[in-house]
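Student: Basically the numbering used here = 1-based index in the sequence shown + 3. Got a structure for you, questions after.
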Amino acid sequence: MAAIHRRRGLVPRPRMPVRSSAPVPGGRQEPREGRGTPMTTTHAVSGVESSPPPDSDTVIDVRDLRMRYRTQEVLKGVDFTARRGEVVVLLGPNGAGKTTTIEILEGFRMRSAGDVTVLGTDPARGDERWRARLGIVLQSWRDHGKWRVRELLAHLGAYYAPYSTAQVQRPWDIDELLAAVGLTEQADKRISTLSGGQRRRLDVAVGIVGRPELLFLDEPTTGLDPEARNEFHDLVRGLANESTTVLLTTHDLAEAEKLADRILILAGGRIVADGSAEELSRRISAEATVRWTRDGQPYEESTAEPTRFVRRLFEEYGDAIGGLEVRRASLEDTYLTMVRELEAGKVPGEQAAHAFGSREEAR
4 MAAIHRRRGL
14 VPRPRMPVRS
24 SAPVPGGRQE
34 PREGRGTPMT
44 TTHAVSGVES
54 SPPPDSDTVI
64 DVRDLRMRYR
74 TQEVLKGVDF
84 TARRGEVVVL
94 LGPNGAGKTT
104 TIEILEGFRM
114 RSAGDVTVLG
124 TDPARGDERW
134 RARLGIVLQS
144 WRDHGKWRVR
154 ELLAHLGAYY
164 APYSTAQVQR
174 PWDIDELLAA
184 VGLTEQADKR
194 ISTLSGGQRR
204 RLDVAVGIVG
214 RPELLFLDEP
224 TTGLDPEARN
234 EFHDLVRGLA
244 NESTTVLLTT
254 HDLAEAEKLA
264 DRILILAGGR
274 IVADGSAEEL
284 SRRISAEATV
294 RWTRDGQPYE
304 ESTAEPTRFV
314 RRLFEEYGDA
324 IGGLEVRRAS
334 LEDTYLTMVR
344 ELEAGKVPGE
354 QAAHAFGSRE
364 EAR
């Protein structure tokens with residue numbers, strides 16, 4: 004079962020070396036998305052490290068981000084921001100550059116050009132104190148099965164103690180953390196004895212043991228059963244409510260629709276869509292489908308103004324209306340349509356936007 008840990012160089016180093024047969028948790032063992040060594044390790048960086056003003060809510064600020072591997076341009080001018088306490092989901096087809104983007108934000112990979120600021124700092128220049136403010140949950144890492152759950156979390160948590168502040172006490176209390184991820188009963192078990200779902204819960208615990216201000220989640224619910232998945236969703240929302248910013252990649256579009264405050268779709272090396280699930284749905288289809296029954300007979304109507312239509316429906320038929328359902332395109336419908344339009348050389352959502360504009364002009 005996949006497990007996780009912080010990437011190489013992203014965990015603050017302990018003050019003294021730790022003697023242990025267990026490997027220090029590291030990062031990816033192999034490059035992903037078919038990437039090799041970049042043509043150049045230099046990158047365009049304007050300005051120097053800076054800290055955001057106290058009232059700043061911008062946690063991630065990406066402007067014209069570009070990445071080239073030899074002759075292949077993976078990122079062609081990516082722009083987006085994320086604010087404090089926001090859950091942002093990054094979607095895109097395989098090879099779109101999602102992992103490259105995330106690794107640049109984490110300071111794990113040098114960019115070719117563009118301006119990137121994460122927690123007030125250029126990730127390429129982030130120090131140990133900056134890294135201690137990040138949490139990372141990967142799809143996999145090579146852990147040591149002989150470690151016990153509590154032992155591992157306590158060991159890793161010790162890395163963060165020097166980076167506590169008046170606002171954030173690090174690390175998370177281990178008993179509280181175990182309870183938060185549902186591993187209290189497994190606290191003294193060896194990692195090798197955990198089930199797949201329990202291992203994934205441990206992955207999440209490792210990612211948040213340092214009470215991160217920004218949490219990166221890569222396919223976090225892989226291997227979880229429906230109950231554990233719902234509990235994880237509650238945990239993510241709880242973290243966001245406590246002002247933790249979450250940037251999540253997933254192929255589970257239902258999960259994205261449930262969790263995201265904003266959804267970014269990365270395709271063709273650019274962000275082609277940015278908005279809530281409902282906003283993106285409107286870009287693809289300006290109309291909603293209203294279904295209802297009256298006197299046992301089913302009815303269906305497409306309308307650009309479902310609220311007004313439903314109000315009129317009840318004004319006319321009242322309690323005779325039953326089985327009312329208002330449906331817009333799901334996130335899956337929206338995502339697949341946008342990707343197909345992009346592959347066909349069209350601007351995603353342009354047709355729906357034009358249709359909506361035409362109706363507005365006709366009024």
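Think of the CB as a built atom: it goes at the ideal place given N, C-alpha and C, for glycine as much as any other residue.
What does the Cβ neighbour count give for P229, buried or exposed, with the cut at 16 atoms within 10 Å?
Tutor: Stepping through the sequence shown from its first residue, residue 229 is reached at position 226. Exposed is the call here.
Student: Helix, strand or coil for K192? Go by DSSP, reduced to three states.
Tutor: Here residue 192 refers to the residue found at position 189 when the sequence shown is read from its first residue. Of the three classes helix, strand and coil, the one that applies to K192 here is coil, per DSSP.
Student: Give me the Cα-Cα distance between P301 and L250, rounded to the nearest whole angstrom.
Tutor: As a position in the sequence shown, residue 301 is number 298, starting the count at 1. As a position in the sequence shown, residue 250 is number 247, starting the count at 1. Each residue's alpha carbon lies about 42 Å from the other.
Student: Please go through the stretch 294 to 355 and give each complete beta strand (DSSP E) segment of 3 or more residues, from N-terminal end onward.
Tutor: 300 to 306, 324 to 330
Student: In angstroms with no decimal places, state the Cα-to-Cα distance between G185 and I266.
Tutor: The residue labelled residue 185 in the question sits at position 182 within the sequence shown. The residue labelled residue 266 in the question sits at position 263 within the sequence shown. For G185 and I266, the distance between alpha carbons rounds to 28 Å.
Student: Is the beta carbon of L256 sitting closer than 7 Å to the one on A99?
Tutor: Locating residue 256 in the sequence shown gives position 253, counting from the first residue. Locating residue 99 in the sequence shown gives position 96, counting from the first residue. No.
Student: Our contact map puts I287 next to T253 with C-beta atoms below 8 Å; I'd like the distance itself, whole angstroms only.
Tutor: As a first step, residue 287 must be located in the sequence shown, where it is residue number 284. As a first step, residue 253 must be located in the sequence shown, where it is residue number 250. Their Cβ separation, rounded to whole angstroms, is 20 Å, which puts I287 and T253 out of contact at 8 Å.
Student: Reducing DSSP to helix, strand and coil, say where R232 ends up.
Tutor: Locating residue 232 in the sequence shown gives position 229, counting from the first residue. R232: helix per DSSP, three-state reduction.
Student: With 16 other CB atoms within 10 Å as the buried threshold, where does Y338 fall?
Tutor: Counting from one through the sequence shown, the residue named residue 338 turns up at place 335. So Y338 ends up on the buried side.
Student: Please classify K101: does DSSP put it in a helix, a strand, or coil?
Tutor: For this step, residue 101 is matched to residue 98 along the sequence shown. Residue state, collapsed to three classes: helix.
Student: Can you find the residues in the same chain that come closer than 7 Å, C-beta to C-beta, to I177, ignoring five residues on each side of it along the sequence?
Tutor: Taking the first residue of the sequence shown as 1, we reach residue 177 at position 174. Contacts found: R153, L156, A157, G160.
Student: Between the Cα of D82 and the Cα atoms of D118, L94, G110, which residue gives the shortest distance?
Tutor: Along the sequence shown, read from residue 1 onward, the residue named residue 82 stands at position 79. Selected option, being the one with the closest Cα: D118.
Student: Only counting runs of 3 or more residues, tell me where the beta strand (DSSP E) segments fall wholly within the stretch 88 to 136, in order along the chain.
Tutor: Qualifying beta strand (DSSP E) stretches, in chain order: 90 to 94, 116 to 121.
Student: Quick one: what does DSSP say A25 is sitting in, helix, strand or coil?
Tutor: For the purposes of this step, residue 25 is taken as residue 22 along the sequence shown, with counting starting at 1. For A25, the pLDDT reaches just 35, beneath the cut-off of 50, and the residue's location in the model is therefore unreliable, although a value from the coordinates is still provided. Three-state result, A25: coil.
Student: Pick helix, strand or coil for R73, following the three-state DSSP scheme.
Tutor: Sequence index remark: in the sequence shown, residue 73 carries index 70 (1-based). Note: R73 maps to coil in three-state DSSP.
Student: For Q189, count neighbouring C-beta atoms within 10 Å of its own C-beta (all shown protein chains included) and say buried if the count is 16 or more, exposed if not.
Tutor: Within the sequence shown, the letter at position 186 stands for residue 189. It is buried - the Cβ of Q189 has at least 16 other Cβ atoms within 10 Å.
Student: In this structure, does DSSP put V171 in helix, strand or coil?
Tutor: Numbered from 1 along the sequence shown, position 168 holds the residue referred to as residue 171. Note: V171 maps to coil in three-state DSSP.
Student: Distance, Cα to Cα, K79 vs M70?
Tutor: Here residue 79 is taken as the residue at index 76 of the sequence shown, counted from 1. Here residue 70 is taken as the residue at index 67 of the sequence shown, counted from 1. Cα to Cα, the separation comes out at about 7 Å.
Student: Looking at the secondary structure, which residues open and close the beta strand (DSSP E) in which D255 lies?
Tutor: On the sequence shown, residue 255 is found 252 positions in, with the first residue counted as 1. Run containing D255: none; DSSP gives neither H nor E here.
Student: Report yes if the CB atom of V313 is closer than 7 Å to the CB atom of G210, and no otherwise.
Tutor: Here residue 313 is taken as the residue at index 310 of the sequence shown, counted from 1. Here residue 210 is taken as the residue at index 207 of the sequence shown, counted from 1. No, they are not a contact pair.
Student: Pull up the distance between the alpha-carbon of P218 and that of R112, whole angstroms please.
Tutor: Along the sequence shown, read from residue 1 onward, the residue named residue 218 stands at position 215. Along the sequence shown, read from residue 1 onward, the residue named residue 112 stands at position 109. One point to set straight first is that residue 218 is Leu, not Pro, in the sequence displayed. Near 17 Å, if we compare the C-alpha coordinates of R112 and L218.
Student: Can you give me the Cβ contacts of D67 inside the same chain, cut-off strictly under 8 Å, excluding the 5 residues immediately before and after it?
Tutor: Numbered from its first residue, the sequence shown carries residue 67 at position 64. Counting only Cβ-Cβ distances below 8 Å, and skipping sequence neighbours, we find G80, V81, D82, A116, G117, D118.
Student: If you follow the beta strand (DSSP E) that L283 is in, where does it begin and where does it stop?
Tutor: Residue numbering aside, residue 283 sits at position 280 when the sequence shown is read from its first letter. First-last for L283: 280 to 287, but that is the alpha helix (DSSP H), not the beta strand (DSSP E).
Student: Contact defined as beta carbons within less than 8 Å: I believe D221 pairs with Q172. What is the distance between those atoms, to the nearest angstrom?
Tutor: Along the sequence shown, read from residue 1 onward, the residue named residue 221 stands at position 218. Along the sequence shown, read from residue 1 onward, the residue named residue 172 stands at position 169. Incorrect: roughly 27 Å between the Cβ atoms, too far for contact.
Student: For the beta strand (DSSP E) containing D221, name the first residue and the last one.
Tutor: Looking up residue 221 in the sequence shown gives position 218. Start and end: 217 to 221.
Student: I need the straight-line Cα distance from G200 to K261, nearest angstrom please.
Tutor: Translated into the one-based positions of the sequence shown, residue 200 becomes position 197. Translated into the one-based positions of the sequence shown, residue 261 becomes position 258. Approximately 20 Å, taken between the alpha carbons.
Student: Keeping to the same chain, check which residues put their C-beta closer than 6 Å to that of S333; ignore five residues upstream and five downstream.
Tutor: Position 330 of the sequence shown, counted from the start, is the residue given in the question as residue 333. Taken in chain order, the list of residues that qualify is empty.
Student: Return the CA-CA distance between E346 and T247, expressed in angstroms with no decimal places.
Tutor: As a position in the sequence shown, residue 346 is number 343, starting the count at 1. As a position in the sequence shown, residue 247 is number 244, starting the count at 1. So the two alpha carbons sit approximately 35 Å from each other.
Student: Which residue marks the beginning of the alpha helix (DSSP H) containing L156, and which one marks its end?
Tutor: Looking up residue 156 in the sequence shown gives position 153. Unbroken alpha helix (DSSP H) run through L156: 152 to 160.
Student: From the DSSP output, in three-state form, read off T187 for me.
Tutor: Here the question's residue 187 lines up with position 184 in the sequence shown. Of the three classes helix, strand and coil, the one that applies to T187 here is helix, per DSSP.
Student: Tell me which residues share the same chain as E290 and place their Cβ nearer than 7 Å to its Cβ, disregarding the 5 neighbours each side in the sequence.
Tutor: Here residue 290 refers to the residue found at position 287 of the sequence shown. Result list for E290: S305, T306, A307, in chain order.
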